[in-house]
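Engineer: Residue numbers (the numbering used here), protein chains in the order written: chain A, 1 to 442; chain B, 1 to 442; chain C, 1 to 442; chain D, 1 to 442.
Where is the CB? At the ideal position from N, CA and C, for every residue including glycine.
4 protein chains.
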Amino acid sequence: MRYFADVKKPIQFEGPDTRNPLAFRFYDASRKVGGKTMRQHLRFAVAYWHTLRGTGGDPFGGPAIERPWLTGSDPVDTAERTLDAAFEFFTLLGVPFYCFHDRDIAPEGATIAESRQNLERLVKRAARRQRETGVKLLWGTANLFSHPRYTHGAATNPDPRVFAHAAAQVRAALDATRVLGGTGYVFWGGREGYSSLWNTDMAREREQLARFLHMATAYADEIGFRGQFLIEPKPKEPSVHQYDYDAATVLGFLREFDLWDRFALNIEANHATLAGHTFEHEVATAAIAGKLGSLDINRGHPLLGWDTDQFPTDAASAVAAMFWILAQGGLRRGGLNFDAHVRRGSFDTIDLFHAHIGGMDTFARALLVADRMRRDGVLKRFVTQRYAGFRKPMGRRILGGKATLPELEDWAAKQGEPPRVSGREEYLENVLNDYLYATRLD
Amino acid sequence: MRYFADVKKPIQFEGPDTRNPLAFRFYDASRKVGGKTMRQHLRFAVAYWHTLRGTGGDPFGGPAIERPWLTGSDPVDTAERTLDAAFEFFTLLGVPFYCFHDRDIAPEGATIAESRQNLERLVKRAARRQRETGVKLLWGTANLFSHPRYTHGAATNPDPRVFAHAAAQVRAALDATRVLGGTGYVFWGGREGYSSLWNTDMAREREQLARFLHMATAYADEIGFRGQFLIEPKPKEPSVHQYDYDAATVLGFLREFDLWDRFALNIEANHATLAGHTFEHEVATAAIAGKLGSLDINRGHPLLGWDTDQFPTDAASAVAAMFWILAQGGLRRGGLNFDAHVRRGSFDTIDLFHAHIGGMDTFARALLVADRMRRDGVLKRFVTQRYAGFRKPMGRRILGGKATLPELEDWAAKQGEPPRVSGREEYLENVLNDYLYATRLD
Amino acid sequence: MRYFADVKKPIQFEGPDTRNPLAFRFYDASRKVGGKTMRQHLRFAVAYWHTLRGTGGDPFGGPAIERPWLTGSDPVDTAERTLDAAFEFFTLLGVPFYCFHDRDIAPEGATIAESRQNLERLVKRAARRQRETGVKLLWGTANLFSHPRYTHGAATNPDPRVFAHAAAQVRAALDATRVLGGTGYVFWGGREGYSSLWNTDMAREREQLARFLHMATAYADEIGFRGQFLIEPKPKEPSVHQYDYDAATVLGFLREFDLWDRFALNIEANHATLAGHTFEHEVATAAIAGKLGSLDINRGHPLLGWDTDQFPTDAASAVAAMFWILAQGGLRRGGLNFDAHVRRGSFDTIDLFHAHIGGMDTFARALLVADRMRRDGVLKRFVTQRYAGFRKPMGRRILGGKATLPELEDWAAKQGEPPRVSGREEYLENVLNDYLYATRLD
Amino acid sequence: MRYFADVKKPIQFEGPDTRNPLAFRFYDASRKVGGKTMRQHLRFAVAYWHTLRGTGGDPFGGPAIERPWLTGSDPVDTAERTLDAAFEFFTLLGVPFYCFHDRDIAPEGATIAESRQNLERLVKRAARRQRETGVKLLWGTANLFSHPRYTHGAATNPDPRVFAHAAAQVRAALDATRVLGGTGYVFWGGREGYSSLWNTDMAREREQLARFLHMATAYADEIGFRGQFLIEPKPKEPSVHQYDYDAATVLGFLREFDLWDRFALNIEANHATLAGHTFEHEVATAAIAGKLGSLDINRGHPLLGWDTDQFPTDAASAVAAMFWILAQGGLRRGGLNFDAHVRRGSFDTIDLFHAHIGGMDTFARALLVADRMRRDGVLKRFVTQRYAGFRKPMGRRILGGKATLPELEDWAAKQGEPPRVSGREEYLENVLNDYLYATRLD
């Protein structure tokens, strides 16, 4: 315990009545909810890049937050200190997982070989820390957007040399993820898009991207990496348009390029809203397709047009997400990754604890609420009843692909004008608020 | 000539120097551009609903515009007068096409049978007017969103009786479109979406929609309708979320539900921007997939969050659209439909002429500019050069699916750090402005 | 009890544990909170236009909801039935206030005189119903946006004849408001703005608007109307730009045109978000200026760009509003008006009850939470401490207007680099969530 | 000529037919337009921060662009080289002005005194370069947002020590601006706002800001700086809310805090659109108030929610701005500052030339178009005619503050229903496009 001395001991569950800011009100790791512990349900992960490496920079100012581990002149030494700080933080917080990009845990070297050596050295240290602490890797990924060479894209760069660099990075990151036992590998293509359509061959770039993904899965098979591949949709920023715009776009891409079987989606809340969707819409879109793999839980400001990556504190949105997760029987190999950073002005390490505690409690409470909602069955009964007509003969003929237009015209004429049935949105909003505010969760 | 007495004769081409507001500056129907006339290239269509039936209503006020043809107490008589006014307008304006919904040209009756009779009566009259004037039907469609029964969706309604009503309407609209020689049939699903996810079975509703579309194509085959089926994406409004969100979403839907071969897209400019895309992005997305069927040319206000459906006057956007259309060899069976209405305060019939003339000139000029750009080849050469590396051996291996990650790592290491090649966006913007403002189009 | 037969008796408080959808969980009218009853604190009002006259129309469909009172061919008879239904509803719901536009309660006649007669007739009936039920008028207003004559504005119309029509309406509406004992009169200028800047003399129109407001206050003085005048900001829709854009803009307008003393603001949540602000920002902006007069409580969908006017169900936003209201000692003559309508598909009168109950409970709970927060003083202490430096000598010199740049340079040099003090946003978010979810409100 | 060797000689005017990318098509500095040269009309300025110091960083990557002058380990040496490069660039481009922040031209030192020394040293060099080249300073400003100490605001920081630091910087920046003969001094308060309302005392912070501005003007008087003070509105980013939200908000602020006489506005296009306005709306709002001081000409992407600061290439928007500028008789002491940067992927110095040439040509052409529009008087006549009723007796009574509601009611009754007069928006859009595309500008 060296970097977080103001947190004397691991954060504990103290229940809703506590006023201790360094305690959980709802996250009780070992509490059973429907046969599994909260820890098993929620599979929280800390995002290495934001929590360990984030220093509050924004477009109008460089680093503002000083971390005691981000010091010294040798980048590999710094990386080692950062790794130690990371596991100290994970342990104090009590999260079971973390996620990283290659460049988060190890600095890029002067050559590809040197970069690989740096990564391997840090991976060894991480493996040791994982064994010591029991904290595991949820997923790994490669940072294919920060280095200037990726300005015009990585897999979608007009220059195959850049594509090849990206390939080298992904290879090493896959090796690292396999060694560290990661249950998934994520592709987030922040620069896989365009800034101007006039200098871009969009058809070709999409094919390049597909080829890149196929290569990655082939290599994973070769090295025996059995984790889940994930694509994380985002509509834009830094690009004007990103090819992985939203869940529906990525699902179409997977179908088009024969990548369906090997990939699932990693849905991020803030990316959902930037794309003009609610978080729950994106979660539902992925879930319905059987492709809800993992979640990046954060929050965007509803009135800001960029990726604010705030910690999730919105109960209603978290409940909706947990509802869909429970509906599909859990996240399996995925988890809830805090792709969120403290505000530029949250200068202290203690702010990192407040932030994660708030997020964990929000989702822990959401799990309890969603579980209660499911057990009560109120919403499910309502929806089932609403579509009851489609379980009757003509409804079944329609869904079975047997009905024809002329047949339906005759039937409609016989039925007469259908009654206007209220969708009861206001009632359902009240039901939700009952669960959010009035239901005892004991 | 009875309804538009202030327009004495058909609008004529008078060239860029005219100051006659009732003349074309750029649209010269018989002018040849690359082997086809402007008329053949542009295939302009008037939207019956806005131009003939629009009366300026908005959420804060009912009808404000009084049309001399929208009078009288018998709706069928009114519909006949409206049809006569329509063809008078088409002829005065000199457009080759129009588009309609069933309810635009004929009123809904008390029963399905009566609605069909009304429609058939008006279709006969329309067929006669078409023969007399030479004006043709570009595409037809059914209005499945105005009647209260469609509040919770048409094909995606929870009640199969509503689904059946919609089926009856589509059958009649397909019959009408076939009789009138329409080259296309459009599905625009304004209420095929949801207002609240909590009362919605999205998976089921998407299946219902797919079944509906399959039924329509089966019926088209049965009656020998050979026109192109089109889906028009829109993200929302009146719904909170519409299943046909954008081009990429619809393309994924067509793949998922085995509708790929029979459908193309009808891209609307204002729907593109509501979905967070540029018009040209949506046009390009459809074109690349071989699915750019037809366009609804209008414009949304960049700072307003609803479908303002203004007439297209933006040269840069029109040029981009025409560039993609020329690149795919034209619109074939599609056209450029003015899905736009005059502002609520444009009370006079003359405003309809200003609006369409402005839109036609914008696209006529855009055709000339895009054609010149293509013939000069400046942009194409730039893009070809930019991706030159992918025509060299390793680029070809990558695109051919032969390269592997380890192989690319080795190659990247040998190549060293790739040079940073400017994307030249600012230069390209200047080139575009050269074409837009400085190029002689004689 | 004739129009709402499915609600047998007035809605009662049953507490958080009830599962009766037609009961209040938190709104307990006579419960004391800090010396006043909930009824006195919250001063809820029903919006006559939405609740009684709304029929679910939207830009893609006309009326969809059928109300038993909106029947018959004589508009004055209909208006009388509607009024009776209104007071039945108010009484069943148990709200103390309502708000109306002139045209909500009485139809426009063929002439100004006839319109006035209609209004006077209905006002008499309303006065009688008020006496019978104890329900009061919170504020009145004139509808200066629905009639086609107001398409280009009312007070800001280019034609003084339209201005004069608007003046006539406001006169009658002020008379009506006075007779009915309204505690306020609201100006909402939906069409006091522009659609195109090119046909608009914005300087002149703003002056016209100022003249109009001065005339109204002069007339109010003349007739002895002592209610509060309110302006309700909105940025746009139906206009492209509305002169009363947001709270700050209106405050500037009041200063510029010497209207400061006579006006306060009526802040609407949905208008706030359309203007790019949070609700609480607008509430705070008005409160700081001493101009927070009244609130229109509703909610916009965060991802939709138009005025969805949904019922308020968001606890966090309601708590923020109540916090500012308590800070200024209450709403005084203002109230909380439900400027919200049920969704188009909420066809039944029972949906109106669900909607209002949900909104009332949301704000009742918010009152309890905000009161608890204030009594605990946690937030206030935090903020006070944060600005402590400005209560020390140099801080006081600065705020007192005595410090100079050279003096501050010297002082800064002596102080050295200031410490970086965390803003503790994440901690404060957790504190808020404690109050929202974990605090017992008994 | 050392840093821009690929530009052999100053950029020349070659006219619209040239295809030389390094020439002006429309900007002909000495061409007379209505009595003044283009150079005098447009008063272009280069933004030192973007053009000399910008290196393409964005939230997903650090510097990507390497400039030959941004090298070396001594920051003052680097600053000197940068200054030399700057004047070389200004001269090659042929702009008469530049703008800077203190930290652009001289590095911050370890102490306030050292910072001042650095600045003074560079100011001497700048003064020499100004004399040598004839290039002048348009305006100066202080960077009060990049350093971590300003994270919670500069003038609006909760800590008076930070306020004092900001004061020291502004003092030195005012001294520098005076020495260099700047005609203006700008306040842009990127962090003068809040991230969370819950930790913010907005009333107090606005007062602090007002005090700060008063101090600055007092100091300016003391040192005899006679330049124009400007506030540049922006709604948000990096803040969630900035106090100088938009033109109307700032005008209200100036009135409230007795700053009206000493300040004008610097309107930026991209800030306008981020605030939900068009550029021309903000320009018009400032102009009407007599407060249009200067412009930052750039452009935001209409679909992106952050400050993309692209170079201005949109003709319609530029024409509208120039129209308002000509209407008020020019910019006087203000100018057109390119607050714009090349895209991250525009790696070469030549891209800086393309960018500025495109922007200068856009505004030069806009000047010609706006001047022609004014001389023709078409728009002015239309608007004058539209409001003609307000020059008749009753209109004059209204504007003169003499009319009353009762009097207007009588008059309205006598006039009868006003005619519905079209606003002719579509016609006006065509007129604009005539000027933009079809008018010869010889």
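By DSSP's criteria, PHE87 of chain D is part of a beta bridge. Which residues make up the other side?
Structural biologist: Answer by DSSP bridge pairing: none, since PHE87 of chain D is not bridged.
Engineer: Alpha carbons only, please: which of B:PRO10, B:ARG103 and B:LEU92 is nearest the one belonging to GLY54 of chain B?
Structural biologist: Checked all of B:PRO10, B:ARG103 and B:LEU92; the closest Cα to GLY54 of chain B is B:ARG103.
Engineer: ALA64 of chain A versus chain D: which residues are under 7 Å apart at the beta carbon?
Structural biologist: Correct list: PRO148 and THR151.
Engineer: Going by DSSP, name the residue or residues bridged to HIS241 of chain B.
Structural biologist: Bridge partners of HIS241 of chain B: B:TYR194.
Engineer: List the residues of chain A that LEU304 of chain D touches, going by C-beta distances under 9 Å, in chain order.
Structural biologist: Per Cβ cutoff of 9 Å: LYS236, GLU237, VAL240, GLY305 and TRP306.
Engineer: Is ALA155 of chain B helix, strand or coil by DSSP?
Structural biologist: Coil.
Engineer: For ILE223 of chain B versus PHE263 of chain B, is the C-beta distance shorter than 8 Å?
Structural biologist: No.
Engineer: Mind listing the chain C neighbours of PRO59 of chain B? Cutoff is C-beta to C-beta under 9 Å, in chain order.
Structural biologist: Here the neighbours are GLY57, ASP58, PRO59, GLU237, PRO238, TRP306 and ASP307.
Engineer: Does the beta carbon of ARG2 of chain A sit closer than 8 Å to a beta carbon anywhere in chain B?
Structural biologist: Answer no: the Cβ-Cβ gap between ARG2 of chain A and chain B never drops below 8 Å.
Engineer: Would PHE145 of chain A and GLY61 of chain D qualify as a contact pair, given that the criterion is a beta-carbon distance under 8 Å?
Structural biologist: Result yes, Cβ atoms of PHE145 of chain A and GLY61 of chain D sit closer than 8 Å.
Engineer: Is VAL95 of chain C near the ligand HEM, going by C-beta to nearest heavy atom under 7 Å?
Structural biologist: Absence of the ligand HEM from the depicted structure is noted, as is the absence of any ligand whatsoever, leaving it without description.
Engineer: How is ASN143 of chain A classed by DSSP in three states: helix, strand or coil?
Structural biologist: If DSSP states are grouped into helix, strand and coil, ASN143 of chain A belongs with coil.
Engineer: Quick one: which chain C residues come within Cβ less than 8 Å of PRO160 of chain D?
Structural biologist: Neighbours of PRO160 of chain D on chain C, chain order: GLY389, PHE390, LYS392, MET394, GLY395 and ILE398.
Engineer: Would you call the CB atoms of PRO357 of chain B and ASN430 of chain D closer than 8 Å?
Structural biologist: In the sequence on display, residue 357 of chain B carries Ile and not Pro. Going by C-beta atoms, ILE357 of chain B is nearer than 8 Å to ASN430 of chain D.
Engineer: Check distances from the C-beta atoms of the segment 113-130 of chain B to those of chain C and list, in chain order, the residues that come in under 9 Å.
Structural biologist: Going along the segment 113-130 of chain B in chain order, one finds no residue with a Cβ nearer than 9 Å to chain C.
Engineer: Taking Cβ-Cβ distances shorter than 8 Å, what residues in chain A pair up with GLY190 of chain D?
Structural biologist: Neighbours of GLY190 of chain D on chain A, chain order: PHE60.
Engineer: Just list the alpha helix (DSSP H) runs in the segment 339-427 of chain C, keeping only unbroken ones of 4 residues or longer that don't cross its boundaries, in chain order.
Structural biologist: Within the segment 339-427 of chain C, the complete alpha helix (DSSP H) runs of at least 4 residues are 349-376, 378-386, 393-399 and 405-415.
Engineer: Using CA atoms only, rank isn't needed, just tell me which of C:LEU303, C:THR285 and C:ILE267 is closest to ILE297 of chain C.
Structural biologist: The option with the nearest alpha carbon to ILE297 of chain C is C:ILE267.
Engineer: Please give the ranges of any beta strand (DSSP E) in the segment 210-264 of chain A, keeping only runs that are unbroken, at least 3 residues long and fully inside the region.
Structural biologist: The qualifying runs are 228-231.
Engineer: For the segment 307-324 of chain C against the segment 253-262 of chain B, are there 3 or more C-beta pairs whose distance is under 8 Å?
Structural biologist: The segment 307-324 of chain C vs the segment 253-262 of chain B: no contact.
Engineer: Taking the alpha carbon of ASP314 of chain C as the reference point, which residue from A:TRP188, A:PRO160 and A:TYR437 has its own alpha carbon closest?
Structural biologist: Among A:TRP188, A:PRO160 and A:TYR437, the Cα nearest to that of ASP314 of chain C is on A:TYR437.
Engineer: Enumerate, from N- to C-terminal direction, the unbroken alpha helix (DSSP H) stretches of 4 or more residues contained entirely within the segment 50-104 of chain A.
Structural biologist: Correct list: 75-93.
Engineer: Using a Cβ-Cβ cutoff of less than 8 Å, which residues in the same chain neighbour PHE24 of chain B once the five nearest sequence positions on both sides are dropped?
Structural biologist: Cβ neighbours of PHE24 of chain B beyond the five flanking positions: ILE11, GLN12, PHE13, GLU14, ILE357, MET360, ASP361 and ALA364.
Engineer: Short of 6 Å in beta carbon distance, which residues of its chain neighbour THR111 of chain A, apart from the five on each side in sequence? Order them along the chain.
Structural biologist: Here the set comprises nothing.
Engineer: SER294 of chain A lies in the alpha helix (DSSP H); which residues open and close that run?
Structural biologist: From DSSP, SER294 of chain A is part of no alpha helix (DSSP H) but of the beta strand (DSSP E) over 292-296.
Engineer: So, with DSSP's three-state summary, where would you put ASN20 of chain A?
Structural biologist: Coil, per DSSP.
Engineer: For GLU108 of chain C, which three-state DSSP category applies?
Structural biologist: Note: GLU108 of chain C maps to coil in three-state DSSP.
Engineer: Strictly below 7 Å CB to CB, what residues from chain C border HIS301 of chain B?
Structural biologist: Going along chain C in sequence order, the residues near HIS301 of chain B (Cβ under 7 Å) are VAL240.
Engineer: Who pairs with PHE13 of chain D in a beta bridge, going by DSSP?
Structural biologist: DSSP output for PHE13 of chain D lists D:PHE24 as bridge partner(s).
Engineer: Between TYR150 of chain A and the rest of its own chain, which residues show a CB-CB distance below 6 Å, the 5 nearest in sequence each way excluded?
Structural biologist: Once the five neighbours on either side are set aside, the close Cβ partners of TYR150 of chain A are LEU144 and ARG191.
Engineer: Take GLY56 of chain C and list the residues in its own chain whose beta-carbon comes closer than 7 Å to its own, dropping the five residues that flank it on each side.
Structural biologist: The residues are PRO63, ALA64, ILE65 and ARG344.
Engineer: Determine which residues share a DSSP beta bridge with THR37 of chain C and list them.
Structural biologist: Paired residue(s): C:LYS32.
Engineer: Report yes or no: do the segment 160-170 of chain B and the segment 130-137 of chain B share at least 3 C-beta pairs separated by less than 8 Å?
Structural biologist: Short answer: they don't touch.
Engineer: Could you please give me the residues that DSSP links to GLN310 of chain A through a beta bridge?
Structural biologist: A:ARG299.
Engineer: Shorter than 8 Å from the beta carbon of GLY377 of chain A to some beta carbon of chain C?
Structural biologist: It does not; no Cβ of chain C falls within 8 Å.
Engineer: Going along the chain, which residues of its own chain have a beta-carbon closer than 6 Å to the beta-carbon of PHE187 of chain C, five neighbours each way excluded?
Structural biologist: Excluding positions up to five away in sequence, the list reads ILE231.
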